[in-house]
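J.: Have a look at the structure that comes next, please.
Protein chains: 2
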Amino acid sequence: MEYEQLKLNNQLCFRLYTAARLTVGAYHPYLNPLGITYPQYLVLLVLWEQDKQPVCDIAKRLMLDTNTVTPLLQRMEKSGLLQRTKGKTDTRQRIVSLTEKGTALREQAKHILECLSANILEKMGSLEELATLVPTLDKLIEGLSERHIGC
Amino acid sequence: MEYEQLKLNNQLCFRLYTAARLTVGAYHPYLNPLGITYPQYLVLLVLWEQDKQPVCDIAKRLMLDTNTVTPLLQRMEKSGLLQRTKGKTDTRQRIVSLTEKGTALREQAKHILECLSANILEKMGSLEELATLVPTLDKLIEGLSERHIGC
DNA sequence: CATATTTATATCGTTCACGATGCAAAAATA
DNA sequence: TATTTTTGCATCGTGAACGATATAAATATG
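As given, the protein sequences belong to chains D and X, one line each in that order.
Mapped onto our numbering, the consecutive letters of the first sequence carry residue numbers 1 to 151.
Mapped onto our numbering, the consecutive letters of the second sequence carry residue numbers 1001 to 1151.
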């Protein structure tokens, strides 16, 4: 079977790609009413944990480059979720801070994961099995993230 | 811990999203020289398994909608990898068939997975561990794919 | 102190994803 | 057969991702 490896069903990456797409899609019914997208939700998660971070730190946290994060933040600023102010010690930096609206969303987002979990539990039977993915995904991510994002 | 669930590190979806991004990114050094992107590679995988399929079947196989697949195929047609001809029995259909160029790429793509595996093995230590992801990802995908893509 | 390098962010172009919508052909139903 | 519904594909708009490149400020080096 010379081309056995070239079968779609033999490819882990396709599964990751699909699982990620579908999982992000599963957030849509919950995020759409809040007026945010999944990547925007990720930014909010980071800022809810700690407000007032430079673009760079947010990017590092999300393992994204600034050329992805900057426009994302600009859109979020335009929709009133956050503000970007010039850094004081380092004027190159842009400090991102939540607005009231951005802060308030936390309350509404609090139950998303519960709802989602219940939803998936119903469809998959078990949540524990999903939890087993975590350590391996973390190893994979660590192994693949060796491209040094500057900062 | 009222907001414990809203911590980035507690979220499986973020891991899937990141792992998928990084894994697709790992294909880049191999696909870029061939002049194709990862989604285009997926289309080729499908067509290499079976040539001359309607758009719909390809979309179903990749679990994507036609509004994603159609432009993808159009770009691939423009770069000479495939052709889209009107179906004979059903004139609504567009039958997608590989060109010589598209067929020939299979030979060059044959070793990508080996190289990639070696690469990841070096960074992660084990490939078996990655294989353990597969059944769980499949269950997750099946659970989440209940939105009926027409066809 | 002057120059070179690095760093933080931004801009641009291309390619996905995907919701919404449109349209013509096929199939189902009246 | 006439009409409705479904199906297969396409188009449009928006928001990511990401490679390449630019710019100014900070830092390192001469």
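We put the beta carbon where it would ideally sit given N, CA and C, even for glycine.
Name the one or two DSSP bridge partners that D/S161 has.
T.: This structure gives no information on residue 161 of chain D, because the portion of chain D shown stretches from 1 to 151.
J.: Just to confirm, does D/D57 get its C-beta within under 6 angstroms of one of the non-hydrogen atoms of the ligand PLP?
T.: Among the components of this structure there are no ligands whatsoever, and the ligand PLP is therefore not found.
J.: Residues of chain D with CB closer than 7 angstroms to the CB of X/V1046, please, in chain order.
T.: What you label residue 1046 of chain X is simply residue 46 of the second sequence in a count that begins at 1. Residues of chain D passing the Cβ test: L8.
J.: Which chain D residues sit within Cβ distance under 8 angstroms of X/D1138?
T.: For the purposes of this step, residue 1138 of chain X is taken as the residue at position 138 of the second sequence. Those within 8 angstroms of X/D1138 in chain D are R15.
J.: Indicate whether X/L1047 and D/A19 have their beta-carbon atoms separated by less than 7 angstroms.
T.: Taking the first residue of the second sequence as 1, we reach residue 1047 of chain X at position 47. Taking the first residue of the first sequence as 1, we reach residue 19 of chain D at position 19. Cβ atoms of X/L1047 and D/A19: not closer than 7 angstroms.
J.: Please list the terminal residues of the continuous alpha helix (DSSP H) segment that includes X/D1090.
T.: Residue numbering aside, residue 1090 of chain X sits at position 90 when the second sequence is read from its first letter. Unbroken run through X/D1090: none, as it is neither H nor E.
J.: Would you tell me roughly how many angstroms separate the C-alpha atoms of D/R105 and D/L73, rounded to the nearest one?
T.: Mapped onto the first sequence, residue 105 of chain D falls at position 105. Mapped onto the first sequence, residue 73 of chain D falls at position 73. As written in the sequence, residue 105 of chain D is Leu, which differs from the Arg given in the question. Cα-Cα distance, rounded: 16 angstroms.
J.: Three Cβ pairs or more, each shorter than 8 angstroms: is that satisfied between the region 34-45 of chain D and the region 1003-1011 of chain X?
T.: Yes, since at least three Cβ pairs between the region 34-45 of chain D and the region 1003-1011 of chain X fall closer than 8 angstroms, the two stretches touch.
J.: Based on DSSP bridge pairs, tell me the residues matched to D/P33.
T.: Walking along the first sequence from the start, residue 33 of chain D turns up at place 33. Looking at the DSSP assignment, D/P33 forms no beta bridge with any residue, so it has no partner.
J.: Verify whether the separation of the beta carbon atoms of X/L1082 and D/L12 is less than 7 angstroms.
T.: Position 82 of the second sequence holds residue 1082 of chain X. Position 12 of the first sequence holds residue 12 of chain D. Cβ distance not < 7 angstroms, so X/L1082 and D/L12 don't count as in contact.
J.: Could you compute how far the alpha carbon of D/I120 sits from the alpha carbon of D/T91?
T.: Your numbering for residue 120 of chain D matches position 120 in the first sequence. Your numbering for residue 91 of chain D matches position 91 in the first sequence. When rounded, the distance between both Cα atoms is 46 angstroms.
J.: Which residues mark the beginning and the end of the alpha helix (DSSP H) in which X/K967 is found?
T.: Because chain X spans 1001 through 1151 in this model, residue 967 of chain X falls outside it and cannot be assessed.
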